[in-house]
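Undergrad:
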Amino acid sequence: MSRLIAKNLPLSITQDKLRNVFSTKGFITDLQLKYTKDGKFRGFAYIGFKTETEAENARNYYNDTYIGAAKIQVQMCTGLGDHQPKPKHGQREQIVPSED
Numbered sequence: 001m002s003r004l005i006a007k008n009l010p011l012s013i014t015q016d017k018l019r020n021v022f023s024t025k026g027f028i029t030d031l032q033l034k035y036t037k038d039g040k041f042r043g044f045a046y047i048g049f050k051t052e053t054e055a056e057n058a059r060n061y062y063n064d065t066y067i068g069a070a071k072i073q074v075q076m077c078t079g080l081g082d083h084q085p086k087p088k089h090g091q092r093e094q095i096v097p098s099e100d
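To convert, note that position 22 of the sequence shown is 22 in UniProt numbering; the numbers rise steadily by one, no gaps.
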């Protein structure tokens with residue numbers, strides 16, 4: 001199974017509407033719209049596909065397209081251990097000289 005993250009979704013989108021859009025590219029195993037603790041939609045969702053190929057096809061097809069007036073971004077999700085933190089703005093990676 002492979003997962004996508006769809007960002008900048010219209011605030012009026014429903015789970016059924018989003019499923020109908022993305023299911024044209026493969027079998028959706030799960031779909032989660034994300035909300036704040038107060039119940040406000042945060043504008044993004046996770047979409048799981050049965051295969052990595054289906055997820056890649058959906059990403060390639062829907063990234064930088066429109067749902068209504070919203071231009072959406074679709075990316076592959078990284079695994080929990082795959083994320084490499086980026087240096088903060090203005091900071092460089094420290095290089096420690098070896099003691100040879």
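By construction, the Cβ of each residue, glycine as well, lies at the ideal position given by its N, Cα and C atoms.
Small disclaimer: the values here were computed from a predicted structure and weren't measured.
#1: List the residues that DSSP assigns as beta-bridge partners of Val21.
#2: Buried or exposed: where does Gly26 fall if 16 or more other Cβ atoms within 10 Å of its Cβ makes it buried?
#3: Determine the direct distance from the alpha carbon of Ala70 to that of Lys37, and round the result to whole angstroms.
#4: What residue range is occupied by the uninterrupted beta strand (DSSP E) comprising Ala55?
#5: Measuring from the CB of Ser23, is there a heavy atom of the ligand FAD at a distance below 7 Å?
#6: From the DSSP output, in three-state form, read off Asp16 for me.
TA: Walking through what the data contain:
#1: Counting from 1 along the sequence shown, the entry for residue 21 is found at position 21. In DSSP, Val21 forms no bridge with anything.
#2: In the sequence shown, counting from the first residue as 1, residue 26 sits at position 26. Burial call: buried.
#3: In the sequence shown, counting from the first residue as 1, residue 37 sits at position 37. In the sequence shown, counting from the first residue as 1, residue 70 sits at position 70. Answer to the nearest angstrom: the Cα atoms are 24 Å apart.
#4: As a working mapping, residue 55 is identified with position 55 in the sequence shown. Element bounds for Ala55: not the beta strand (DSSP E) but the alpha helix (DSSP H), Glu52 to Tyr62.
#5: The ligand FAD is absent from the structure shown, which contains no ligands of any kind.
#6: On the sequence shown, position 16 is the one that residue 16 refers to. Three-state result, Asp16: helix.
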